[in-house]
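Peer 1: Numbering follows UniProt numbering, with no gaps: position 238 of the sequence shown is 238.
Positions of the beta carbon are idealized from the N, C-alpha and C atoms, including for glycine.
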Amino acid sequence: MVGRLVSSPRGATYYWIEKNADAQAPWIIFTHGLCANHRLFDKQLPFFRLNYHVLLWDLPMHGRSRPYHAFTYAHAAEELKQITDREHIKQAILVGHGIGGYVCQEFASRWPEMVQAFVGVSAMPFGVALYPEFDQKELKKVPQTVKRLPERMLQTGLARKRTQTLYGYQNALHMFEQMSKKEMVQAFAAAYGDRFTHKAVVQFRCPVMLAIGAMDYTGKIAEYCRIWSEKQGYPMTVIPDASHNANTDNADVFNDTVSKFLRRSLRKNKA
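Following this line, the structure appears as structure tokens:
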């Protein structure tokens, strides 16, 4: 993959691209979740590069995109827009895991004409509309809970909680180990502090699919994924033998499911 970066007064944002031999192939952009990095999608790259141009990136405050100041989902979406402008990407499929799903929703609310399809992986709806006040308050407490844990316990605990398989655990732990406890706490504080930016649910103008691991017991993610699906009419796929990082725990089923959804969606768009 070719590695590049874009810069803003807030910091540098790194990304990697691999172009398909077919210049007309669609673009697919993978956005990772909290305290992870682009390596979350190691099992997706070999599969999707066969039919798509692939773009992976490290969210601001994560991976190589550190240090970064004043993280918000709006700023993250602006960095992604700068990346797509530089690479002359007019439209793309967005795949967002966890808080990466929030970034995708922010991007889609600003530049809806650029989004061909959205796949939310263990993602929840942006905004406050679907959340009772009690849950909003509880979510805002998460960074304080994280702050109390020793560094090694935080890294290993998160890796265990988010995965079901040995590969998934090793993949997650490797990413978490690249961040110090201070950096992880800062990332949690920034991500949860900007969590309820939008008041209304983001309305997509493109096909949407939600995916959740059958054993994803992370907070109320599975519950809100189902609520989102029911309220907005988006199809939700449950990935068997998988936890929060469903795309690493059961990559074969995840890749096949997403690929079929995208083929149907892009075919309908052309029609």
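To the nearest angstrom, how far is it from the Cα of GLU87 to the Cα of GLU106?
Peer 2: Each residue's alpha carbon lies about 20 Å from the other.
Peer 1: Near GLU18, what residues of its chain come up, given a Cβ to Cβ distance below 6 Å and the 5 sequence neighbours on each side ignored?
Peer 2: MET1, ARG49, VAL54
Peer 1: Quick one: is GLY233 buried, meaning 16 or more other Cβ sit within 10 Å of its Cβ, or exposed?
Peer 2: exposed
Peer 1: When the Cα atoms are used, what is the spatial distance from ARG160 to SER265?
Peer 2: 34 Å
Peer 1: Which value, in whole angstroms, describes the spacing of the CA atoms of GLN170 and PHE176?
Peer 2: Here the alpha carbon of GLN170 sits roughly 10 Å from the alpha carbon of PHE176.
Peer 1: Using 8 Å for Cβ pairs, my map puts GLN155 next to SER243. What's the rounded Cβ distance?
Peer 2: No, GLN155 and SER243 are not in contact; Cβ-Cβ is about 16 Å, not under 8 Å.
Peer 1: Assuming LEU210 contacts MET236 under a Cβ cut-off of 8 Å, what Cβ separation, rounded to an integer in Å, is found between them?
Peer 2: 4 Å
Peer 1: Should PHE126 be labelled buried (16 or more other beta-carbon atoms within 10 Å of its own) or exposed?
Peer 2: With 16 or more other Cβ atoms within 10 Å, it is buried.
Peer 1: Closest to ALA190 by CA distance: which of TYR167, GLU230, GLN116, LYS140 is it?
Peer 2: LYS140
Peer 1: Does the pairing of the segment 189–209 with the segment 111–119 give three or more beta-carbon distances under 8 Å?
Peer 2: Yes, since at least three Cβ pairs between the segment 189–209 and the segment 111–119 fall closer than 8 Å, the two stretches touch.
Peer 1: Could you please give the first and the last residue of the uninterrupted beta strand (DSSP E) stretch that includes LEU5?
Peer 2: 2–8
Peer 1: Just to confirm the assignment, what range does the beta strand (DSSP E) spanning THR237 have?
Peer 2: 236–239
Peer 1: How about GLN186 and MET61: do their beta carbons lie closer than 8 Å?
Peer 2: yes
Peer 1: Alpha carbons only, please: which of ASN51, HIS38, TYR68 is nearest the one belonging to ASN255?
Peer 2: ASN51
Peer 1: Got a sec, what are the start and stop residues for the alpha helix (DSSP H) TRP228 sits in?
Peer 2: 221–232
Peer 1: Which residues does DSSP list as the beta-bridge partners of LEU262?
Peer 2: DSSP lists no partner for LEU262.
Peer 1: Considering ILE28, what are the terminal residues of the beta strand (DSSP E) in which it resides?
Peer 2: 27–31
Peer 1: For a minimum of 4 consecutive residues, which ranges assigned as the alpha helix (DSSP H) are wholly contained in the segment 48–111?
Peer 2: Fully enclosed alpha helix (DSSP H) runs of no fewer than 4 residues occupy 73–86, 99–110 of the segment 48–111, in order along the chain.
Peer 1: Can you give me the Cβ contacts of ALA89 inside the same chain, cut-off strictly under 7 Å, excluding the 5 residues immediately before and after it?
Peer 2: One point to set straight first is that residue 89 is Ile, not Ala, in the sequence displayed. If we look at ILE89 and ignore the five residues flanking it on each side, its Cβ neighbours are TRP27.
Peer 1: Looking at the structure shown, is VAL146 part of a helix, part of a strand, or coil, going by DSSP?
Peer 2: helix
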